[in-house]
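Undergrad: Can you read through this structure? Questions will come right after.
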DNA sequence: AAAACGTGGCA
DNA sequence: TTGCCAAGTTT
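Numbering (this note's numbering), first residue to last: -9 to 287.
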């Protein structure tokens, strides 16, 4: 084993041992976490900060402690419980994943990357994360935190590219330790989340600052991909429409939805999009609700 | 393969 | 106040 690599592992893992956050989806004192908890948390954490996930996660697991419990609920119940986490299609896909697990996997969360990857809403990152954290498999977990850490430490650049490159995967594989790969994944993610942050990295607290290529190069500023616009977009309109549906337990007349946005063309396009996505159902003439509102009564 | 897809906190 | 950013996936 390359001694430099070995000491890199040691330093990062030692730092993790001291600064690891005690999050509810993580196992206690060396024990593996519940795979369902890992899966639910990973869905919620897609593009959403830990602090906002915590309360919703707790309520979710109390309501649906197993995949079969969620599968027995309606999709609308899932969307409503999702609350204001954002990207409500994730709630729909989590519900669909639970249904697939209940019916095609005997209620057990799959334990291989390949099987996980088949579940709705589970992409490369999420499949790797569940396989690693829940089952200890030695798979490469590349999230935005890990990518940023590797890009800075090894490549000497401030920001990773928009999408994962083959070179990045190669590097990630080379850096991955033979043992405790799951701990390495969690540690490098945590380092990116707590120290090697996007905006104001806390290099003074970094266990590997002495070998960081970006730091050694004098922190050259990189080009940032252009940010997303928000005001006036369909996403904003969809968000407002969903908020009305979510907060009402009774079906909603179209007039109530019309009130959230002036531009009728855009508003109707967005409502049609939500219907198409399966986030909204037409329950009567000009009356709408979250999906499956009248099932199981 | 670029673009769509929510939300709220923080600088 | 505006813009950035957060454990991505899908089409």
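Cβ atoms here follow ideal geometry from the backbone N, Cα and C, with glycine treated the same way.
Compute the Euclidean distance between the alpha carbons of residue 22 and residue 127, then round it to the nearest angstrom.
TA: Straight-line Cα distance between these residues: approximately 12 Å.
Undergrad: For residue -5, count neighbouring C-beta atoms within 10 Å of its own C-beta (all shown protein chains included) and say buried if the count is 16 or more, exposed if not.
TA: Classification of residue -5: exposed, given that the 10 Å Cβ count is below 16.
Undergrad: Between the Cα of residue 266 and the Cα atoms of 238, 228 and 59, which residue gives the shortest distance?
TA: When only C-alpha atoms are compared, the closest one is 228.
Undergrad: Please check the pair residue 130 and residue 162, which I expect to be a contact at CB under 8 Å, by giving their CB distance rounded to whole angstroms.
TA: Right, the Cβ-Cβ distance comes to about 5 Å (below 8 Å), so this counts as a contact.
Undergrad: State the beta-bridge partners of residue 274 as determined by DSSP.
TA: According to DSSP, which records beta bridges pairwise, residue 274 is partnered with 277.
Undergrad: Spatial neighbours of residue 186 within its chain, please: CB distance less than 7 Å, with the 5 preceding and 5 following residues excluded, ordered by chain position.
TA: Once the five neighbours on either side are set aside, the close Cβ partners of residue 186 are 138, 139, 142 and 196.
Undergrad: Which of helix, strand or coil does DSSP assign to residue 242?
TA: Strand at residue 242.
Undergrad: For the candidate residues 15, 30, 182 and 212, whose alpha-carbon lies nearest to that of residue 109?
TA: Out of 15, 30, 182 and 212, 30 has the C-alpha closest to the C-alpha of residue 109.
Undergrad: For the candidate residues 32, 278 and 5, whose alpha-carbon lies nearest to that of residue 14?
TA: Residue 14 has its Cα closest to that of 32, out of 32, 278 and 5.
Undergrad: State the Cα-Cα distance for the pair residue 57 and residue 42, rounded to the nearest angstrom.
TA: About 22 Å.
Undergrad: Roughly how many whole angstroms lie between the Cα atoms of residue 247 and residue 177?
TA: Between residue 247 and residue 177, the C-alpha separation is close to 45 Å.
Undergrad: Distance, Cα to Cα, residue 244 vs residue 251?
TA: So the alpha carbons of these two residues sit roughly 12 Å apart.
Undergrad: Would you mind reading off the limits of the alpha helix (DSSP H) that contains residue 237?
TA: Where residue 237 is concerned, the enclosing alpha helix (DSSP H) stretches over 224 to 237.
Undergrad: Exposed or buried, what is residue 182 when buried is set at 16 or more other beta-carbons lying within 10 Å of its beta-carbon?
TA: Residue 182 comes out buried.
Undergrad: Can you say whether residue 158 is buried or exposed, counting buried as having 16 or more other CB atoms within 10 angstroms of its CB?
TA: With 16 or more other Cβ atoms within 10 Å, it is buried.
Undergrad: Indicate the three-state DSSP secondary structure (helix, strand or coil) for residue 359 in the structure shown.
TA: Residue coverage of the chain in this structure runs from -9 to 287, which leaves residue 359 outside it and unanswerable.
Undergrad: Going by the beta-carbon positions, is the gap between residue 280 and residue 65 smaller than 9 Å?
TA: Contact flag set, yes.
Undergrad: Which of helix, strand or coil does DSSP assign to residue 125?
TA: Three-state result, residue 125: helix.
Undergrad: For residue 232 and residue 78, which I take to be in contact (beta-carbon distance under 8 Å), what is that distance rounded to the nearest angstrom?
TA: The Cβ separation is near 6 Å, so the contact holds.
Undergrad: Let's test the definition: count the other Cβ atoms within 10 Å of the Cβ of residue -9 and tell me whether it reaches 16, buried, or not, exposed.
TA: So residue -9 ends up on the exposed side.
Undergrad: How many Å lie between residue 25 and residue 85 at the Cα?
TA: Each residue's alpha carbon lies about 16 Å from the other.
Undergrad: What is the rounded straight-line gap between the Cα of residue 37 and the Cα of residue 135?
TA: Distance between the alpha carbons of residue 37 and residue 135 is about 12 Å.
Undergrad: Would you tell me roughly how many angstroms separate the C-alpha atoms of residue 115 and residue 179, rounded to the nearest one?
TA: Taking the straight line from one Cα to the other gives about 12 Å.
Undergrad: In three-state terms, what does DSSP make of residue 148?
TA: DSSP places residue 148 in coil when its eight states are reduced to three.
Undergrad: Using only CA atoms, which one of 112, 152, 221 and 119 lies nearest to residue 175?
TA: The option with the nearest alpha carbon to residue 175 is 119.
Undergrad: What's the C-alpha gap between residue 199 and residue 241?
TA: When rounded, the distance between both Cα atoms is 56 Å.
Undergrad: Give the single residue among 274, 144 and 122 whose Cα lies nearest to the Cα of residue 207.
TA: The option with the nearest alpha carbon to residue 207 is 144.
Undergrad: With a threshold of 16 other CB atoms inside 10 Å of the CB of residue 75, please say whether the residue is buried or exposed.
TA: The residue in question, residue 75, is buried, as its Cβ has 16 or more Cβ neighbours within 10 Å.
Undergrad: First and last residue of the alpha helix (DSSP H) that includes residue -7?
TA: Counting along the chain, the alpha helix (DSSP H) containing residue -7 begins and ends at -7 to 9.
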